[in-house]
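In the UniProt record's numbering, the protein residues as written are 1 to 911.
Heads up, the beta-carbon is just placed ideally off N, CA and C, and yes, glycines get one too.
Predicted, not measured: the structure shown is a model, and the values here were computed from it.
Scroll down for the structure; my scribbles are underneath it.
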């Protein structure tokens, strides 16, 4: 039956070679009109054959889709996810053709980006492979378009299920039954880059006048080809539909000076621009689906029902009872419940892979609604959609929230909001017109975005040295298209730097002419990079260049980026987010580039963000350094908020040198001693003040724990001290040693020092205690309830760690609180044996240091499951209600840890 249906498709009759010939003609055509003509001829012949094949038949599903997906493979990223790059194909061809590993053709395939004197195919793997295959392949292939699609689908499905042997088998079938020319196009289809000089913007209008619009609201190429097969039949109502992904509406980059004109001199909304993953949620009762900006389905991650996923179980009950069906548009964020803040994309996490028991939690920040029950809202105004959105669900902090907006009228309010976003280390702001309607896949149309990096002069720029390069592909073939950049180790005084640490790979920001000129300047100095014998002057992380250049022969480039983020790929331990080259610093010598110390100072100045200035309210001058002007009455001045401004210490007279050259960051004071007062006193005693802690900051002074203080605590880089310590220093006119009673938070090195000086109640091992201090210590003991099992376990664990007993096998479970699924089955006669086994496991756990509890509650770290797994769903449902998640593990985790006398990694035992 399947074979009969297949034989009745156009794709099963059309040779793949015919499509390749058409693509070859399109590529070789110089003019746009001629390219369209070749595509139109192929499309018309397909439609004529289709009409003849399906004459008088109704409801025919056969369409142009099998050819269209090969012509526009970049639009089929989810269905055609092959997991194959040039290097894998090169190795496959070398193996299949039995090419000598160090032979000319094998090296040509592996080093396809290196320029060749014979062919001008550098950077084009498909063309390189064509010249290698031409004398070794069939003159004409035997595959139809249908067969090619089936084999490519097989590659994609086997790749997703990690069956590499079957991936290879399907590829071999494609290769052995195709000519060299066909394989050139096959390779480009697999790599999703046909290099035709035309894309969907050209192909869609030729196929059907409604094709582009239908694709924008469905992101389904097959649906486009089926519904619009007849060019004379249009779609009267293209709209967003439930459980069908659509391309979301996007914002255009705003010009701050034109903002009032762009908003038609009417009031507008300002929203925070969130730094997460754009995601749309479709809901129908208990059924949920989630789609990314490009139409990828992430339902498995976030949850198809209230019983599963990292989000759905926590938000299902937030929807109002009369809302059964809805489509929401928003940003998926990672929320830290401890600091009550959102994480930035630059931090080390992936919202699309976060597990349910992660320390961070998934939060959906909603800013638009496109459907409620059976009413489609795309053509309603934004103002109306906002009203409807507020009645769709009840926000839950850290799980599902509505993005807050403010109404504004002037450019000055936009500048004010942008500067506030800069102070909060946010990505930027959105400006939206209240009367705009929702237009899928349209950019602008009443939505604008402003980020600091879009505004000239707001960003710190880095002068870093090019130390490596990568050969380009496509239009950049035969030249260096990307560069590996580094910073210098600080040399001894009077010496030039000799060692450089890699920082980032940069491949944008320049024009083709600028790239060509830079290439000419460096061309004669490039040397092949050998991983086994790297140059001593350049220290790399896991990221290695294809070629390198001795630092003394290189140039400094000025690079602009959004922020500095952690990365193990580069030797510095960090890299740049969204880097682009602004210019080549011809005015600087190679040895004048940024140093590691400069980088660390910049990294610490603003938690990695590279925004250092505010936008001036006038907008005409260069942006000003952050400083607060005194605000006159009835006039709003743009700047940082009052309690964050740098103090004016010019009139302070020094009374002591006890804090000479010591850097403090005062976050807040107390009721009787304000922040400015403390800063003035610090200056009197020789210290100096910064508004954001950096690598040289001695400590942070905080009278209260606000969000900024919580963020500093979570970074674990700085000591946070109470103002009482400063007051005691001022009183005694000496630098009083820190004591536990002064500390809000200690960084790891300070904790280690305190562990050697004080016990867990703050009583010194060496210094005599007076009566008031003794009372304070006793008060701490009384309030700590140290008699509880939890506290006793902590005391024991502390002792074991201090005397190096913590690696003793009998202490391996000391830090774990364990619940065994024992108490529900012990009284059931049918499970007596299983219960006895778990009872013995409980004794083993206690013997090896664990705290075994009989009640499942907050604070349990592990739930151990025996043979009976019937209650796992109940455990997972209960886990979702807790702030701190426990892990559900098999009993084998306990027994195998004990057998091997070492605590085993839990991940392989998780349920």
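From residue 925 to residue 252, what does the alpha carbon distance come to, in whole angstroms?
Past the boundaries of the shown model lies residue 925; the chain is included only from 1 to 911, so the question cannot be answered.
Looking only at C-alpha atoms, which of 191, 207, 245, 228 sits nearest to residue 217?
In the chain shown, counting from the first residue as 1, residue 217 sits at position 217. For the residues 191, 207, 245, 228, the minimum Cα distance to residue 217 belongs to 245.
Pick from 584, 402, 299 that is closest to residue 351, judged by C-alpha positions:
Here residue 351 is taken as the residue at index 351 of the chain shown, counted from 1. Of the listed residues, the one whose Cα sits closest to residue 351 is 299.
Select from 97, 516, 549, 715 the residue whose C-alpha is nearest the C-alpha of residue 527.
Mapped onto the chain shown, residue 527 falls at position 527. Ranking 97, 516, 549, 715 by Cα distance to residue 527 puts 549 first.
In whole angstroms, what is the alpha-carbon distance linking residue 391 and residue 446?
Within the chain shown, residue 391 is the residue found at index 391, counting from 1. Within the chain shown, residue 446 is the residue found at index 446, counting from 1. About 24 Å.
To which residues does DSSP link residue 447 through a beta bridge?
Stepping through the chain shown from its first residue, residue 447 is reached at position 447. According to DSSP, which records beta bridges pairwise, residue 447 is partnered with 432.
Between the C-alpha atoms of residue 771 and residue 672, what's the straight-line distance to the nearest angstrom?
Looking up residue 771 in the chain shown gives position 771. Looking up residue 672 in the chain shown gives position 672. Rounded to the nearest angstrom, the two C-alpha atoms are 26 Å apart.
So, do the region 428 to 444 and the region 466 to 480 have three or more beta carbon pairs nearer to each other than 8 Å?
no
Assuming residue 210 contacts residue 235 under a Cβ cut-off of 8 Å, what Cβ separation, rounded to an integer in Å, is found between them?
The residue you call residue 210 lines up with position 210 of the chain shown. The residue you call residue 235 lines up with position 235 of the chain shown. Going by Cβ atoms, the distance from residue 210 to residue 235 rounds to 5 Å, so yes, they are a contact pair.
What are the uninterrupted segments assigned as beta strand (DSSP E) that are 3 or more residues long and contained completely in the region 262 to 317, given in chain order?
268 to 273, 277 to 284, 287 to 292
So, are the CB atoms of residue 700 and residue 667 less than 7 Å apart?
Sequence index remark: in the chain shown, residue 700 carries index 700 (1-based). Sequence index remark: in the chain shown, residue 667 carries index 667 (1-based). Their beta carbons are under 7 Å apart, which means residue 700 touches residue 667 by this criterion.
Under three-state DSSP, which class holds residue 105?
Counting from one through the chain shown, the residue named residue 105 turns up at place 105. Looking at residue 105 - three-state DSSP - the assignment turns out to be helix.
By the 10 Å Cβ neighbour count, where 16 or more other Cβ atoms means buried, how is residue 220 classified, buried or exposed?
Reading the chain shown from its first residue, position 220 is the one you call residue 220. Residue 220 is buried by the Cβ-count criterion.
Mark residue 530 as exposed unless 16 or more other C-beta atoms lie within 10 angstroms of its C-beta, in which case mark it buried.
Position 530 of the chain shown, counted from the first residue, corresponds to residue 530. It is exposed - the Cβ of residue 530 has fewer than 16 other Cβ atoms within 10 Å.
Beta strand (DSSP E) containing residue 907: first to last residue?
Position 907 of the chain shown holds residue 907. Following the DSSP letters along the chain, one finds residue 907 in no beta strand (DSSP E), marked with neither H nor E.
Which of helix, strand or coil does DSSP assign to residue 208?
On the chain shown, position 208 is the one that residue 208 refers to. DSSP places residue 208 outside both helix and strand once states are collapsed to three, so it counts as coil.
Separation of residue 539 from residue 923, as counted between CA atoms:
Because the chain spans 1 through 911 in this model, residue 923 falls outside it and cannot be assessed.
Among the residues of its own chain, which have a CB less than 6 Å from the CB of residue 435, if the five just before and after it don't count?
Along the chain shown, read from residue 1 onward, the residue named residue 435 stands at position 435. Same-chain partners within the cutoff: 381.
Please report the residue range of the alpha helix (DSSP H) in which residue 414 lies.
Walking along the chain shown from the start, residue 414 turns up at place 414. 411 to 423 is the span of the alpha helix (DSSP H), which, as asked, contains residue 414.
Using C-beta distances below 6 Å, list every residue in its chain close to residue 124, excluding the 5 sequence neighbours before and after it, in chain order.
Position 124 of the chain shown, counting from 1, holds the residue named residue 124. Closer than 6 Å at the Cβ level, and outside the excluded window around residue 124, lie 477.
Rounded to the nearest angstrom, how far is the Cβ of residue 894 from that of residue 841, given a contact under 8 Å?
Locating residue 894 in the chain shown gives position 894, counting from the first residue. Locating residue 841 in the chain shown gives position 841, counting from the first residue. Between residue 841 and residue 894 the Cβ distance is about 5 Å, and since that is below 8 Å, they are a contact.
Helix, strand or coil: which one does DSSP assign to residue 482?
Here residue 482 refers to the residue found at position 482 when the chain shown is read from its first residue. Residue 482 falls in the strand class under three-state DSSP.
Would residue 69 be called buried (16 or more neighbouring beta carbons within 10 Å of its own) or exposed?
Numbered from 1 along the chain shown, position 69 holds the residue referred to as residue 69. Buried.
Are at least three pairs of beta-carbons, each pair with one atom in the region 655 to 665 and one in the region 674 to 689, less than 8 Å apart?
yes
DSSP bridge partner residues for residue 341 (one or two, in chain order):
By 1-based counting over the chain shown, the position of residue 341 is 341. The partner list for residue 341 (beta bridge, DSSP) reads 336.
Compare the Cα-Cα distances from residue 65 to each of 197, 228, 372, 760 and report the closest residue.
Here residue 65 corresponds to residue number 65 of the chain shown, with the count starting at 1. The residue with the shortest Cα to Cα distance from residue 65 is 228.
For residue 534, verify whether its CB is less than 6 Å away from any heavy atom of the ligand ZN.
What this structure holds is no ligand at all, so the ligand ZN is not there to describe.
May I have the straight-line CA-CA distance separating residue 332 from residue 364, to the nearest angstrom?
As a working mapping, residue 332 is identified with position 332 in the chain shown. As a working mapping, residue 364 is identified with position 364 in the chain shown. Straight-line Cα distance between these residues: approximately 5 Å.
Taking C-alpha atoms, which residue in 584, 590, 513 lies nearest to residue 551?
Working through the chain shown from its first residue, we reach residue 551 at position 551. Out of 584, 590, 513, 590 has the C-alpha closest to the C-alpha of residue 551.
Close-in-space but distant-in-sequence residues of the same chain around residue 8 (CB under 6 Å, 5 per side omitted):
Residue numbering aside, residue 8 sits at position 8 when the chain shown is read from its first letter. Correct list: empty, nothing qualifies.
Within the same chain, show all residues whose beta-carbon is closer than 7 Å to that of residue 286, passing over the 5 residues directly before and after it, in chain order.
If you number the chain shown from 1, residue 286 lands on position 286. Spatial neighbours of residue 286 in its own chain (CB-CB distance under 7 Å, excluding positions within 5 residues in sequence) are listed in chain order as 305, 306.
Roughly how many whole angstroms lie between the Cα atoms of residue 536 and residue 499?
On the chain shown, residue 536 is found 536 positions in, with the first residue counted as 1. On the chain shown, residue 499 is found 499 positions in, with the first residue counted as 1. In this model, residue 536 and residue 499 are separated by some 7 Å (Cα to Cα).
Taking the Cβ atom as the reference point for each residue, do residue 388 and residue 273 lie within a distance shorter than 7 Å?
The count along the chain shown starts at 1 and reaches residue 388 at position 388. The count along the chain shown starts at 1 and reaches residue 273 at position 273. The answer is no: Cβ separation not under 7 Å.
Where in the region 135 to 182 do unbroken runs of the alpha helix (DSSP H), each at least 4 residues long, occur, reported from the N-terminal end onward?
145 to 160, 164 to 176
Is the number of C-beta pairs between the region 176 to 187 and the region 45 to 64 that are closer than 8 Å three or more?
no
Just curious, the alpha helix (DSSP H) that residue 748 is in, first and last residue?
Working through the chain shown from its first residue, we reach residue 748 at position 748. Here the alpha helix (DSSP H) through residue 748 covers 748 to 757.
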